[in-house]
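Participant: So the sequence lines, in the order shown, correspond to chains A and B. Terminal number for the first sequence in our numbering: 105, no gaps in between. Terminal number for the second sequence in our numbering: 1197, no gaps in between. By construction, the Cβ of each residue, glycine as well, lies at the ideal position given by its N, Cα and C atoms. This structure is a prediction, so every number in the text was calculated from the model and none was measured. My questions will all concern the structure given below.
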Amino acid sequence: MKIAITSTGNTLESTIDPRFGRCAYFVVFDTESKSTEFIPNPNKEAEEGAGPAAVQLVASRNANKIVSGEFGMKIKSLLDSLKIQMIVIKDPEKKISEIIAMLNH
Amino acid sequence: MSPRITRLRKVLNPPVIAGFKPYGPDAAKQNSEPIFLLYEEYEALRLCDYDMYNHHQASGIMGVSRPTFTRIYSVTRQKIAKAFVEGRQISIEGGKVYFDSDWYRCKNCDCFFNNTEREKEISACPLCNSPQVIGFDYDNTISEFEPALNDDICLCPHCGFEHSHEKGKPCVQHVCPKCNTLMKRKGIHKCTTTKVY
């Protein structure tokens, strides 16, 4: 299963990005092969429509879960119809490596 | 310019039934076109007339503005009245809503998550796999929205007995447990429903 995490940087030591649509990087973590892939967000500076574009990017990588700090109102219904689970972490200090460690249980 | 997007309306739970059917000897002869009551309209009616919140409180719970809530509520009443008078079916469906009951919280890692497959029960946190998963804390969201609500106190004008005011229950209907006189809201002379927060 693939899980997308929003990140502020492109290393495992970066913290989670509290925004979904305008985060700096997406980390796609594969629970089977334990591999991570960093994707720079092309819509970081977008005026509008960053959220739906980000959903498209994440959905094209076949992720079924997204970990972020907050999801906008355009996103929630969209992710619902795509059956992608949203996980909200309110702690902005959480590191990507910590989240991946949690996902590995 | 395109119109502003409709805000998602928060609905606590989907209704337990899908609608209502009229009955009686002439029920079949009436107009068979059903009235479509939206989920948000059902929720507005539930909050206002079942849970006895005022429009201001209810709008906060649903995550819309007070005027929007009032508009939803008035449409609800019109639709229900129409269904009653014309003997039509009521079908509860649709609307731009979001169900609160779809959201869960993990006590272990303190994250929130939703359930994409409504049929399946959530048993473990998707993040840390801990079984300490609880349903979305509905009461906390209300207190975050309006912490000042609980400041109200009911007062007995006769003996001075006080207890904290319960939402939706007028103080003037309470009887003082000590001297059996009717109570009043502290600070104001009569219990008003239109209070400016």
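Give, in chain order, every residue of the segment 83-102 of chain A whose Cβ lies closer than 8 Å to some Cβ of chain B.
Facilitator: Within the segment 83-102 of chain A, the qualifying residues are Lys83, Ile84, Gln85, Met86, Ile87, Val88, Ile89, Lys90, Asp91, Ile99, Met102.
Participant: Identify, in the order they occur along the chain, each residue of the same chain with its Cβ nearer than 6 Å to the Cβ of glutamate 37 of chain A, setting aside the five sequence neighbours on each side.
Facilitator: So the list reads Val28, once near-sequence residues are dropped.
Participant: Do lysine 5 of chain A and isoleucine 99 of chain A have their C-beta atoms closer together than 9 Å?
Facilitator: Position check: residue 5 of chain A holds isoleucine in this sequence, whereas lysine was assumed. Yes, the pair counts as a contact, with Cβ atoms nearer than the cut-off.
Participant: Given alanine 46 of chain A, which residues of its chain have a CB within under 8 Å of its CB, disregarding the five upstream and five downstream residues?
Facilitator: Here the set comprises Gly21, Arg22, Ala53.
Participant: Quick one: any contact between the segment 78-98 of chain A and the segment 3-18 of chain A, if contact means 3 or more CB pairs under 8 Å?
Facilitator: Yes: the two stretches touch, three or more of their Cβ pairs being nearer than 8 Å.
Participant: For chain A, check one thing: does any of its Cβ atoms lie closer than 9 Å to the Cβ of threonine 1194 of chain B?
Facilitator: Summary for threonine 1194 of chain B: the model assigns pLDDT 44, below 50, so the residue's position carries little reliability; its value from the coordinates is reported in the next sentence. Chain A contact via Cβ: absent.
Participant: At which residues does the alpha helix (DSSP H) containing proline 52 of chain A begin and terminate?
Facilitator: 50-60 is the span of the alpha helix (DSSP H), which, as asked, contains proline 52 of chain A.
Participant: Are any of the Cβ atoms in chain A nearer than 9 Å to that of isoleucine 1005 of chain B?
Facilitator: Closer than 9 Å to some Cβ of chain A, the Cβ of isoleucine 1005 of chain B qualifies, so yes.
Participant: Give me the chain B residues within the contact set of aspartate 80 of chain A, using Cβ-Cβ distance strictly less than 9 Å, ordered along the chain.
Facilitator: Near aspartate 80 of chain A (Cβ distances below 9 Å), the residues of chain B are Tyr1098, Asp1102, Asn1114, Thr1116.
Participant: Our contact map puts glycine 1095 of chain B next to tyrosine 1039 of chain B with C-beta atoms below 8 Å; I'd like the distance itself, whole angstroms only.
Facilitator: That belief holds up - the Cβ atoms of glycine 1095 of chain B and tyrosine 1039 of chain B are roughly 4 Å apart, short of 8 Å.
Participant: Determine contact between the segment 1008-1021 of chain B and the segment 1058-1072 of chain B, defined as no fewer than three beta-carbon pairs at a distance below 8 Å.
Facilitator: Yes: the two stretches touch, three or more of their Cβ pairs being nearer than 8 Å.
Participant: Could you check what DSSP says for glycine 1019 of chain B in three-state terms: helix, strand or coil?
Facilitator: Looking at glycine 1019 of chain B - three-state DSSP - the assignment turns out to be strand.
Participant: Are proline 1034 of chain B and isoleucine 1072 of chain B touching if we call contact CB-CB under 9 Å?
Facilitator: No, these two residues do not count as a Cβ contact at 9 Å.
Participant: Straight-line CA distance for serine 81 of chain A to asparagine 64 of chain A?
Facilitator: Straight-line Cα distance between these residues: approximately 12 Å.
Participant: Is it buried or exposed for glutamine 1173 of chain B, if we count other Cβ within 10 angstroms and need 16 for buried?
Facilitator: Glutamine 1173 of chain B should be labelled exposed.
Participant: Please classify phenylalanine 1084 of chain B: is it buried, with 16 or more other beta-carbons within 10 angstroms of its beta-carbon, or exposed?
Facilitator: It counts as exposed.
Participant: Would you kindly check if the distance between the Cβ of asparagine 1108 of chain B and the Cβ of glutamine 1132 of chain B is under 9 Å?
Facilitator: Taking 9 Å as the Cβ cut-off, glutamine 1132 of chain B and asparagine 1108 of chain B qualify as a contacting pair.
Participant: Within the same chain, show all residues whose beta-carbon is closer than 8 Å to that of glutamate 48 of chain A, passing over the 5 residues directly before and after it, in chain order.
Facilitator: Cβ within range, chain order: n/a, list empty.
Participant: Quick one: what's got a C-beta closer than 7 Å to isoleucine 1092 of chain B's C-beta in the same chain, skipping five residues either side?
Facilitator: Here the set comprises Pro1015, Ala1018, Gly1019, Leu1037, Tyr1039, Tyr1042.
Participant: List the endpoints of the continuous alpha helix (DSSP H) containing leucine 12 of chain A.
Facilitator: Run containing leucine 12 of chain A: none; DSSP gives neither H nor E here.
Participant: Take threonine 1006 of chain B and list the residues in its own chain whose beta-carbon comes closer than 8 Å to its own, dropping the five residues that flank it on each side.
Facilitator: Cβ neighbours of threonine 1006 of chain B beyond the five flanking positions: Lys1096.
Participant: Using only the heavy atoms of the ligand ADP, determine whether one of them is closer than 8 Å to the beta carbon of cysteine 1109 of chain B.
Facilitator: Here there are no bound small molecules, and the ligand ADP is not part of this structure.
Participant: Of all the alpha helix (DSSP H) runs that stay within the bounds of the segment 1015-1084 of chain B, which reach a length of 4 or more residues?
Facilitator: Complete alpha helix (DSSP H) runs here, min 4: 1039-1045, 1055-1062.
Participant: Indicate whether at least one CB of chain B lies closer than 9 Å to the CB of lysine 65 of chain A.
Facilitator: Output row for lysine 65 of chain A: interface = yes.
Participant: Taking the beta carbon of asparagine 1175 of chain B as the centre, do at least 16 other beta carbons fall within 10 Å, making it buried, or is it exposed?
Facilitator: Looking at the sequence shown, residue 1175 of chain B is not asparagine but valine. Counting Cβ neighbours within 10 Å, valine 1175 of chain B comes out exposed, since fewer than 16 surround it.
Participant: Between the Cα of aspartate 1026 of chain B and the Cα atoms of B/Lys1082, B/His1056, B/Phe1069, B/Arg1088, which residue gives the shortest distance?
Facilitator: Checked all of B/Lys1082, B/His1056, B/Phe1069, B/Arg1088; the closest Cα to aspartate 1026 of chain B is B/Arg1088.
Participant: Can you list, in chain order, the residues of its chain with a C-beta nearer than 6 Å to that of asparagine 10 of chain A? Leave out the 5 residues immediately preceding and following it.
Facilitator: Closer than 6 Å at Cβ, skipping near neighbours: Tyr25, Phe38.
Participant: Quick check: the Cα distance between isoleucine 87 of chain A and lysine 34 of chain A, rounded to an integer number of angstroms?
Facilitator: Using only the alpha carbons, I get a separation of about 19 Å.
Participant: What residues in its chain sit with their C-beta under 7 Å from that of aspartate 1139 of chain B, if we drop five residues either side in the sequence?
Facilitator: At aspartate 1139 of chain B, the pLDDT of 48 sits below 50, so the modelled position is not reliable; the number obtained from the coordinates is stated separately. Within the same chain, aspartate 1139 of chain B has no close Cβ partners at all.
Participant: Quick check on DSSP: helix, strand or coil for glutamine 85 of chain A?
Facilitator: Glutamine 85 of chain A falls in the strand class under three-state DSSP.
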